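Engineer: Please find one structure pasted underneath; my questions will follow.
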Amino acid sequence: MSASSKSLPAKIFDLLSSYGLAIIVLSFLLIITYFGTLSQKDIGLLDSQAKYFESWFLIHEWNLWGMIVPIPLPGGALLMVLLFINMLCGAVIRIRKGWRTIGVLISHIAIMFMLAAGFVSFIYKTEGAMPLFEGQASDQYQSYHERIIEIRQWGADGKGTSTARVIPMKHFSDLEPGRARTFFAKDLPFELQVTAYRRNANIVQAGEDEKSAIDGYRIQPVANAKEDEANTAAVEVSVKFQDGTEQRGILWEREFEPFTVKVGGMSYTLALSRMKWKLPFAIRLNDFQRELHPGTMKAKKYTSHVTKITDGREEPKVVTMNVPVRDQGYVVYQASFSQGTSGEQSVFTVASNPSDQWPLWSCVAVAIGLVIHFMMHLVRFLSRALKPKVA
Amino acid sequence: MEITHSRDISQYEPKPKVGAYPQERFGDERLIWQTPDGWSQAERSQMRPVNLAFGPNKEGECYLSLLPGGGGGVLANVNRWRKQMAQPEITEEELAKMPKKTLMGIEGAFVSIEGAYTSVGATESKADYKMLGIVAAMGEAGLFVKMVGPKALVEANSQAFDQFVTSLRLRMPQGQ
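Chains as they are written, first to last, in my numbering: chain A, 1238 to 1628; chain B, -18 to 157.
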């Protein structure tokens, strides 16, 4: 059948399964990997990842001898989706099936599995820090980047609810000064209007005649830090009560205490903080040891002797560099340490990722597929070479 | 937009303070005062945690400062201020006879000096100025309130000075 007589779906399938598309996608992946890696020094890891690898399209600003040239490029998300479809159509559906192609098929499916692992990780992975002083215990870890506004209710007896209402960052990070959004919940006796979000800010005393002052303070924007962990966000909130009155406040990531409003004998605290996730077990730091390279302050080895507490059952564990503790889908790594006035603090990174081990399995499967493929070629070559030639 | 997300509170999470004052929330110093009518807040610094200005062109200033080392004691500080006002130093006996005022619960020497004022770092003095102040010792530390400005302006604000000094106090931690 000639190409012109093919139906439109068949033409689309041909395009999606073509080597040409594979080459184009892989070439763009190479380009965005190059630009994305370089941009980390200017905009930091988080922003670079979002701009180049988690986007559908992007505009790369190319500095050509001092002149900024905007270059539109496909984003990493688009390219990886296209690559997945290309491999599915070309290397799984279209490929001739048989013993001769079994190795190639295994390898391609394994690469698709690795792309799927990246997608699952992007959607479901949570990662954060758990800093502990010796003797301290915790069963939660705090996100490095995900800010939240959280609302807790407190009774007159001072007891707080066991859960907090949470507004994720994606719902308020676009609310620059002049833009506002109102949030509500069925069990809250007020609405919350959020505005003037700043990714990095200080709180300063306002002047006497500053109309924007709230409780004598105002948000002072600060240039964003290259590494997002160093930013301290701030936002203005206005609590609108059912009787028509309102109470304004500033929430700041570095504040010592939350903003409080009182309604009908109950108190509600509002805070801007980083998302915290609870673990099904607690970790208590018993002893922290660090070994330095001789004559330097460079760490050779950090080791934390911890107790893992699950439903009151205690188990001694050792967390050290490259030797994490794994349990119930969570991995506790030794990340760093800090020295403060309260003593040494061991900092763990805790991650939960359903696809944690998928890339490893994928790599093993790719290797198996390639070994099968090359062994079959070798056997074919040898059988041809050793076959007696007929005179 | 409806709030649909929530998170579980850990038993290990420290309990926040409900009903905290703005100063507590933002880690501001735990000082409380009332700014007298017509006065305004000026830029604060580590040396001047409370810094106020007054006068039509904010020519007058009044601030609280705390020197951890004490700055040489009450007499040395009084004489340093007198020198700033181009006045001769006084002796321990004269210091003992000076009037007293209470600053944040601590009795201190009340200083009232007229003269040509040379502020720290300035090369020229300003004539016909007046300084009111209290120098108190808090253990090893020195606690000061100093008000300085054109003589007529300072005299017109002497009651406001007393009002400011009386209002100054430390905010005590609230019960949980």
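All C-beta atoms in this analysis are idealised placements derived from N, C-alpha and C, irrespective of residue type, glycine included.
Keep in mind the model is a prediction, meaning the values are calculated, not measured.
Between which two residues does the beta strand (DSSP E) harbouring B:Gly86 extend?
Structural biologist: B:Gly86 -> no beta strand (DSSP E), and no H or E assigned at all.
Engineer: Determine the burial state of A:Val1601: buried for a count of at least 16 other Cβ atoms within 10 Å of its Cβ, exposed for fewer.
Structural biologist: Exposed is the call here.
Engineer: Is the region 1613 to 1624 of chain A close to the region 1471 to 1487 of chain A, with three or more CB pairs under 8 angstroms?
Structural biologist: The region 1613 to 1624 of chain A is not in contact with the region 1471 to 1487 of chain A.
Engineer: Tell me whether the beta-carbon of B:Leu47 lies closer than 8 angstroms to the beta-carbon of B:Leu113.
Structural biologist: Cβ atoms of B:Leu47 and B:Leu113: not closer than 8 angstroms.
Engineer: Run down chain B in chain order and give the residues with a C-beta less than 7 angstroms from the C-beta of A:Ile1440.
Structural biologist: Under the 7 angstroms cutoff, chain B gives Phe7.
Engineer: Taking DSSP as the reference, what is the three-state secondary structure of A:Lys1410?
Structural biologist: It is Ser, not Lys, that sits at residue 1410 of chain A in the sequence shown. Residue state, collapsed to three classes: coil.
Engineer: Counting only C-beta atoms, is A:Ser1504 closer than 8 angstroms to chain B at any point?
Structural biologist: For A:Ser1504, the answer is yes, since a Cβ of chain B falls inside 8 angstroms of its Cβ.
Engineer: Taking the C-alpha atoms as reference points, what is the distance between A:Leu1316 and A:Asp1284?
Structural biologist: Whole-angstrom Cα-Cα distance: 18 angstroms.
Engineer: Examine chain A for any beta-carbon lying closer than 8 angstroms to the beta-carbon of B:Gln157, and answer yes or no.
Structural biologist: Note that B:Gln157 has pLDDT 29, beneath the 50 cutoff, so the model's placement of it is unreliable and the number below is only indicative. So, interface residue.
Engineer: Mind checking whether A:Asn1323 and A:Leu1266 have CB atoms under 8 angstroms apart?
Structural biologist: No, they are not a contact pair.
Engineer: Under 8 angstroms by Cβ, that's how I've got B:Gln15 and B:Phe142 pegged, so tell me the actual separation to the nearest angstrom.
Structural biologist: Not really, about 12 angstroms apart at Cβ, beyond 8 angstroms.
Engineer: Measure the C-alpha to C-alpha separation of A:Ser1583 and A:Gln1379 and round it to an integer number of angstroms.
Structural biologist: A:Ser1583 and A:Gln1379: Cα-Cα distance of roughly 14 angstroms.
Engineer: Using beta carbons (cut-off 8 angstroms, strictly below), is B:Ile158 in contact with chain A?
Structural biologist: This structure cannot speak to residue 158 of chain B, because chain B is shown only from -18 to 157.
Engineer: Run through DSSP, which three-state label would A:Phe1359 get?
Structural biologist: It is helical.
Engineer: Use the C-beta contact count for A:Asp1411: other C-beta atoms within 10 angstroms, 16 or more gives buried, fewer gives exposed.
Structural biologist: A:Asp1411 comes out exposed.
Engineer: Quick one: using the 10 Å Cβ neighbour count with 16 as the cut-off for buried, is A:Thr1482 buried or exposed?
Structural biologist: Classification of A:Thr1482: exposed, given that the 10 Å Cβ count is below 16.
Engineer: Mind the definition here: the region 1357 to 1377 of chain A touches the region -8 to 12 of chain B only if three or more C-beta pairs lie below 8 angstroms; say whether that holds.
Structural biologist: With a cut-off of 8 angstroms, the region -8 to 12 of chain B and the region 1357 to 1377 of chain A count as touching, because enough Cβ pairs lie within range.
Engineer: Does the Cβ-Cβ distance between A:Ile1520 and A:Lys1545 come in under 8 angstroms?
Structural biologist: Closer than 8 angstroms, so yes.
Engineer: From which residue to which residue does the beta strand (DSSP E) around B:Gly114 run?
Structural biologist: B:Gly114 -> beta strand (DSSP E) spans 107 to 119.
Engineer: Which residues in chain A sit within 7 angstroms of B:Pro3, going by Cβ to Cβ distance?
Structural biologist: Near B:Pro3 (Cβ distances below 7 angstroms), the residues of chain A are Asp1452, Gly1453, Tyr1454.
Engineer: Examine chain B for any beta-carbon lying closer than 8 angstroms to the beta-carbon of A:His1408, and answer yes or no.
Structural biologist: Interface residue, yes.
Engineer: Using CA atoms only, rank isn't needed, just tell me which of B:Ala103, B:Ala117, B:Phe7 is closest to B:Val162.
Structural biologist: Beyond the ends of chain B as shown, which are -18 and 157, falls residue 162 of chain B; an answer cannot be given.
Engineer: Taking just the CA atoms, how far does B:Ala137 sit from B:Lys81?
Structural biologist: Straight-line Cα distance between these residues: approximately 21 angstroms.
Engineer: Using the C-alpha atoms, what's the distance from A:Gln1526 back to A:Val1555?
Structural biologist: Cα to Cα, the separation comes out at about 11 angstroms.
Engineer: Roughly how many whole angstroms lie between the Cα atoms of A:Pro1511 and B:Glu5?
Structural biologist: In the sequence on display, residue 1511 of chain A carries Arg and not Pro. Rounded to whole angstroms, A:Arg1511 to B:Glu5 spans 20 angstroms at the Cα level.
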